[in-house]
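Peer 1: In UniProt numbering, the protein residues as written are 1 to 126.
We put the beta carbon where it would ideally sit given N, CA and C, even for glycine.
Sharing a structure here in C-alpha cells format.
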C-alpha cells in the first residue's frame, strides 16, 4: 500500500497491466524481477530458500555459459545441472503443459532458469 495512493488502494481492480522492457545483448547477462500483487487479506509469502552451496554455484555458472538459452554456444563443456535446477525445470514443465513446443521450454521459462542460476552465483553474506 505504500506504493499506491489511498484512493487507488481503496478501488477494486479487475486487471493490472505491467509493461517491462530491457535492451537485449547476447553477450551480457540480464536480470529478471518478480512482482507480486497481494490483497491486504493475504498472508506474507514464505521466506526465500538459502542459495546453493559454492560447488553447485560453480557448476551452474558453467551450465549457464553452455546453455543455448543464453545465446552463447562457444563453450565446449556439457550442461551440468543441480538437483534444485532439475526440480525447477520439472515444475516449469508442469506449469506450461502443452502450451509450448515439445522438447523445449518457453522463452520465459528459460529466463526463470537462468535467473535461478544467476541467484546461485551470488556470494553469500556472512
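For residue 95, which of 109, 86, 121, 11 has the nearest alpha-carbon?
Peer 2: For the purposes of this step, residue 95 is taken as the residue at position 95 of the chain shown. Residue 95 has its Cα closest to that of 109, out of 109, 86, 121, 11.
Peer 1: Beta carbon of residue 116, beta carbon of residue 92: below 8 angstroms?
Peer 2: Here residue 116 refers to the residue found at position 116 when the chain shown is read from its first residue. Here residue 92 refers to the residue found at position 92 when the chain shown is read from its first residue. Taking 8 angstroms as the Cβ cut-off, residue 116 and residue 92 do not qualify as a contacting pair.
Peer 1: Looking at residue 86: is its Cβ nearer than 8 angstroms to the Cβ of residue 113?
Peer 2: Looking up residue 86 in the chain shown gives position 86. Looking up residue 113 in the chain shown gives position 113. Cβ atoms of residue 86 and residue 113: not closer than 8 angstroms.
Peer 1: Reducing DSSP to helix, strand and coil, say where residue 95 ends up.
Peer 2: Position 95 of the chain shown, counted from the first residue, corresponds to residue 95. Correct three-state label for residue 95: helix.
Peer 1: Looking at residue 37: is its Cβ nearer than 8 angstroms to the Cβ of residue 16?
Peer 2: Looking up residue 37 in the chain shown gives position 37. Looking up residue 16 in the chain shown gives position 16. Result yes, Cβ atoms of residue 37 and residue 16 sit closer than 8 angstroms.
Peer 1: Using a 10 Å radius around the Cβ and a threshold of 16 neighbouring Cβ atoms, would you call residue 82 buried or exposed?
Peer 2: In the chain shown, residue 82 corresponds to position 82, counting from 1. Residue 82 should be labelled buried.
Peer 1: Using CA coordinates, which residue listed in 35, 14, 107 is at the minimum distance from residue 3?
Peer 2: Here residue 3 refers to the residue found at position 3 of the chain shown. The candidate whose alpha carbon is nearest that of residue 3 is 35.
Peer 1: How many angstroms separate the CA atom of residue 111 from the CA atom of residue 118?
Peer 2: Within the chain shown, residue 111 is the residue found at index 111, counting from 1. Within the chain shown, residue 118 is the residue found at index 118, counting from 1. For residue 111 and residue 118, the distance between alpha carbons rounds to 10 angstroms.
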